[in-house]
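Here is the structure we will look at, set down as structure tokens.
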């Protein structure tokens, strides 16, 4: 339509806050005919006006050559279930625009580069890319999804309204599925049919109908059909993150979802084992909760569900250290070492714990604090020796050396840490 305005077309957009007057627009077609001019009417999110739209299209379709053209946008699931004028099919065309073709992407980039008014709205990071790099980003990183492409170009939160309106157009059962799928996907989890059925108590017989109602919103794909594994997912991870951000903004609802998800996990299914790892590590998972006690409780619950997994145990120790709960960190480390044995990251946390204990404001003798720092040094050196490509090990050794230098004036540990960092700089940089 933007291009048509340059060709002297008269263009209008219907405001959905008002009823659509089919007779008034037929009169507009008459006036356009008299003036010998073409016109276009855009009706965005048209499902709520389908009765009036069908009357308008029926009348225009009976005319030999309408001068008013009608352009509609609608959620695919709503369009499929609505009664539609026969002229939509005999004289109209249907375009699916959730995914852009290579030609569409090139035209969008050309439009951004060509039109100064549009360029003013574009995010600077995208604007600074070369022409080919712009196309490559939209095709590869955005998977050609229309919303994700627009989000990358303009970077505005106002674009989120497109997804929220799409969500609002779904019925309640579809909304429940969509927000659960999006939330788990945004956490980095592997969503599949059986997991969602367990979480929501869905009957197997109604799943295909439900998927039909969520066409172009939630997609199903084969994972391992012989084992009955079918993946579910929103169109793109960016879309899943937007839906999860808005639909689980309430901390109580998010905590309840994580509780139910952990309870329902089946560790014998590898997809769900990957989900367990993801929700403990991803910032959209347990880490999104603001209450440290809730995070600790859920991590402990996850450890009980998948006791052989290291990631939840590491996250629990890190949480206790960040919160200054040294006793909690010590307990979590002891349990981890007893149940899963030696772990390089947990050993690094042992060194950090020894440093924190040496610095705590309690009635310890200086010699005891120094002994704790020596233990931290031993642990940190062992970590560097075992994992020389992990830059965090060097950081901890440097921190130990700094504390020893502050307390005793001896800089040998700090010097060793600096020399080790210098020697490993190129090696580590190539691997991180």
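Numbering (our numbering), first residue to last: 5 to 436. Every residue, glycine too, gets a C-beta built ideally from N, C-alpha and C.
Closer than 7 Å: residue i CB and nearest the ligand ADP heavy atom
i: residue 62; result: Because no ligand of any kind appears in the structure shown, any question about the ligand ADP cannot be addressed here.
Rounded Cβ spacing between residue i and residue j (contact assumed at less than 8 Å)
i: residue 2; j: residue 387; result: Since the first residue shown for the chain is 5 and the last is 436, residue 2 is missing from the structure and cannot be characterised.
i: residue 390; j: residue 348; result: 6 Å
i: residue 84; j: residue 224; result: In fact, because the Cβ distance is near 16 Å, the residues do not count as touching under 8 Å.
i: residue 106; j: residue 67; result: 36 Å between Cβ atoms; not a contact.
i: residue 259; j: residue 298; result: 6 Å
i: residue 286; j: residue 191; result: 5 Å
i: residue 321; j: residue 337; result: 6 Å
i: residue 49; j: residue 77; result: 6 Å
i: residue 26; j: residue 56; result: 5 Å
Reduced DSSP secondary structure (H/G/I, E/B, other) of residue i
i: residue 191; result: coil
i: residue 254; result: coil
i: residue 26; result: helix
i: residue 352; result: helix
i: residue 184; result: helix
i: residue 425; result: helix
i: residue 314; result: helix
i: residue 400; result: helix
i: residue 276; result: helix
i: residue 244; result: helix
i: residue 5; result: coil
i: residue 43; result: strand
i: residue 86; result: coil
i: residue 436; result: Low confidence applies here, because residue 436 scores a pLDDT of 48, under 50, leaving its location unreliable and the question unanswered by this model.
i: residue 135; result: helix
i: residue 72; result: strand
i: residue 14; result: strand
Residue i, enclosing beta strand (DSSP E) - first and last residue
i: residue 287; result: Residue 287 -> no beta strand (DSSP E), and no H or E assigned at all.
i: residue 54; result: Run containing residue 54: none in the beta strand (DSSP E); it sits in the alpha helix (DSSP H), 54 to 66.
i: residue 228; result: 222 to 228
i: residue 111; result: Element bounds for residue 111: not the beta strand (DSSP E) but the alpha helix (DSSP H), 106 to 118.
i: residue 207; result: No beta strand (DSSP E) contains residue 207, which DSSP labels as neither H nor E.
Alpha carbon of residue i to alpha carbon of residue j, nearest angstrom
i: residue 410; j: residue 377; result: 11 Å
i: residue 36; j: residue 44; result: 10 Å
i: residue 207; j: residue 132; result: 51 Å
i: residue 10; j: residue 16; result: 14 Å
i: residue 436; j: residue 51; result: Residue placement at residue 436 is poorly supported in this model, since its pLDDT is 48, which falls under 50; the coordinates are not used for a value here.
i: residue 398; j: residue 384; result: 8 Å
i: residue 427; j: residue 407; result: 22 Å
i: residue 14; j: residue 34; result: 13 Å
i: residue 12; j: residue 242; result: 38 Å
i: residue 140; j: residue 108; result: 13 Å
i: residue 188; j: residue 211; result: 19 Å
i: residue 319; j: residue 335; result: 13 Å
i: residue 283; j: residue 92; result: 46 Å
i: residue 416; j: residue 375; result: 16 Å
i: residue 291; j: residue 238; result: 22 Å
i: residue 307; j: residue 316; result: 6 Å
i: residue 61; j: residue 5; result: 19 Å
i: residue 434; j: residue 269; result: Model confidence at residue 434 stands at a pLDDT of 45, short of 50, so the residue's coordinates are unreliable; what they give is reported in the following sentence. About 37 Å.
i: residue 222; j: residue 166; result: 16 Å
i: residue 331; j: residue 341; result: 15 Å
i: residue 371; j: residue 362; result: 10 Å
i: residue 8; j: residue 32; result: 17 Å
i: residue 170; j: residue 176; result: 13 Å
i: residue 124; j: residue 115; result: 12 Å
i: residue 89; j: residue 58; result: 5 Å
i: residue 357; j: residue 323; result: 12 Å
i: residue 164; j: residue 261; result: 23 Å
i: residue 130; j: residue 54; result: 38 Å
i: residue 168; j: residue 359; result: 48 Å
Start-to-end residues for the alpha helix (DSSP H) that takes in residue i
i: residue 78; result: Residue 78 -> no alpha helix (DSSP H), and no H or E assigned at all.
i: residue 165; result: 164 to 172
i: residue 387; result: 370 to 390
i: residue 129; result: 128 to 131
i: residue 235; result: That residue, residue 235, is in no alpha helix (DSSP H); its beta strand (DSSP E) goes 233 to 238.
i: residue 304; result: 296 to 309
i: residue 334; result: 330 to 344
i: residue 94; result: 91 to 94
Chain C within 8 Å of residue i, Cβ atoms only
i: residue 80; result: The structure shown has no chain C; it contains just one protein chain.
Are the segment 178 to 194 and the segment 247 to 254 in contact at 8 Å, needing three or more beta carbon pairs? yes
Cβ pair count under 8 Å reaching 3, the segment 259 to 278 against the segment 195 to 214: yes
Mind the definition here: the segment 278 to 285 touches the segment 227 to 236 only if three or more C-beta pairs lie below 8 Å; say whether that holds. no
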